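Just so we're aligned: 44 in UniProt numbering is position 44 of the sequence shown, and the numbers increase by one with no gaps anywhere.
Even glycine gets a Cβ: it sits at the ideal position worked out from N, Cα and C.
All values derive from a computational prediction rather than experimental measurement.
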Amino acid sequence: MSDSARQRVFLTGASSGIGEALARHYAAQGAVLGLVARRADKLAALVESLPGEGHMALSADVADLPAMKAAADAFIARHGLPDVVIANAGISVGVLTEHAEDLQVFDAVLRTNVLGLFATFHPFVAAMRERGVGRLVGIASVAGVRGLPGGSAYSASKAAAVKYLEALRVEMRASGVQVVTIAPGYIRTPLTAVNPYKMPFILDADVAARRFARAIERGTSYTVIPWQMGIVARLLAIAPNWLFDRVFAKAKHKPRKLPT
Numbered sequence: 001m002s003d004s005a006r007q008r009v010f011l012t013g014a015s016s017g018i019g020e021a022l023a024r025h026y027a028a029q030g031a032v033l034g035l036v037a038r039r040a041d042k043l044a045a046l047v048e049s050l051p052g053e054g055h056m057a058l059s060a061d062v063a064d065l066p067a068m069k070a071a072a073d074a075f076i077a078r079h080g081l082p083d084v085v086i087a088n089a090g091i092s093v094g095v096l097t098e099h100a101e102d103l104q105v106f107d108a109v110l111r112t113n114v115l116g117l118f119a120t121f122h123p124f125v126a127a128m129r130e131r132g133v134g135r136l137v138g139i140a141s142v143a144g145v146r147g148l149p150g151g152s153a154y155s156a157s158k159a160a161a162v163k164y165l166e167a168l169r170v171e172m173r174a175s176g177v178q179v180v181t182i183a184p185g186y187i188r189t190p191l192t193a194v195n196p197y198k199m200p201f202i203l204d205a206d207v208a209a210r211r212f213a214r215a216i217e218r219g220t221s222y223t224v225i226p227w228q229m230g231i232v233a234r235l236l237a238i239a240p241n242w243l244f245d246r247v248f249a250k251a252k253h254k255p256r257k258l259p260t
């Protein structure tokens, strides 16, 4: 199959977890991939293991706009403008405001989870708008519905991500380019492996990847996966503060990670 006949997918956070599962799913479907992550060795190993030819390992920090522009330019030069751009890279760690050193961690979470969306999409938006077709996909989280204790940075970043993606969706509406927001619940990945609490309706990463891909193909503007967490999210959104506070005040926290 020629490159022109293959779906072209540009994906960040590809070296593990949901990103790796999405890469394997799309490669199995015959797509040609531009895979972005900071860990060049893991990216190279992933590309070697994927079916198909032409996949590109593009090492970059998603919060570094020049680096993301260079990665995008390299993909476009070889394969043309992608059909789907998936901003999947994310950091999920616990922080507590009483620890001054956690400000560094908070900053890293916001830079990756929010500014990384802008830096991922920016190199493609103008050309996609001119072409009049394509999908920009942002991975948010149910954690953005309410502020979760111990996870303030992650909740704040994902709430901001949802609103950013909503604004971008409206900006792109007349262009024919679709903006898709996916808000996962719990997915079995290295990020959730350290969680010291029960994770209802948790999905394996490969199962989640297939469901994500279906939502992307449909062009769904906003979807929660799995659907059961969508019901939980709606209930959380309408719960009065006194009830939410009482239920979550004693909830276990995601472990903190000291800045490196």
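Backbone secondary structure at residue i - three-state DSSP
i    : result
F10  : strand
P149 : coil
V84  : strand
I231 : helix
M1   : For M1, the predicted structure reports a pLDDT of 49, less than 50, and the residue's modelled location is therefore unreliable. The matter cannot be settled from this model.
S59  : strand
I91  : coil
Run of the beta strand (DSSP E) containing residue i, from where it starts to where it stops
i           : result
L33         : V32 to A37
G17         : Where G17 is concerned, there is no enclosing beta strand (DSSP E), although the alpha helix (DSSP H) it sits in stretches over G17 to A28.
residue 261 : Since the first residue shown for the chain is 1 and the last is 260, residue 261 is missing from the structure and cannot be characterised.
M128        : Careful: M128 lies outside any beta strand (DSSP E), inside the alpha helix (DSSP H) at G116 to R131.
Range of the contiguous alpha helix (DSSP H) that encloses residue i
i    : result
M68  : L65 to H79
T192 : P190 to A193
F244 : N241 to F248
Outcome for residue i when other beta-carbon atoms lying within 10 angstroms are tallied against a minimum of 16
i    : result
Q228 : exposed
A71  : buried
Q104 : exposed
R210 : exposed
R246 : exposed
A77  : exposed
D102 : buried
M1   : Note that M1 has pLDDT 49, beneath the 50 cutoff, so the model's placement of it is unreliable and no number is given.
N241 : exposed
K158 : buried
A226 : According to the sequence displayed, residue 226 carries Pro and not Ala. When all chains shown are included, P226 counts as buried.
Sheet register partners of residue i (DSSP bridge)
i    : result
T223 : I182
N216 : The sequence given here places Ile at residue 216; Asn does not occur at that position. Partner(s): none; I216 has no beta bridge.
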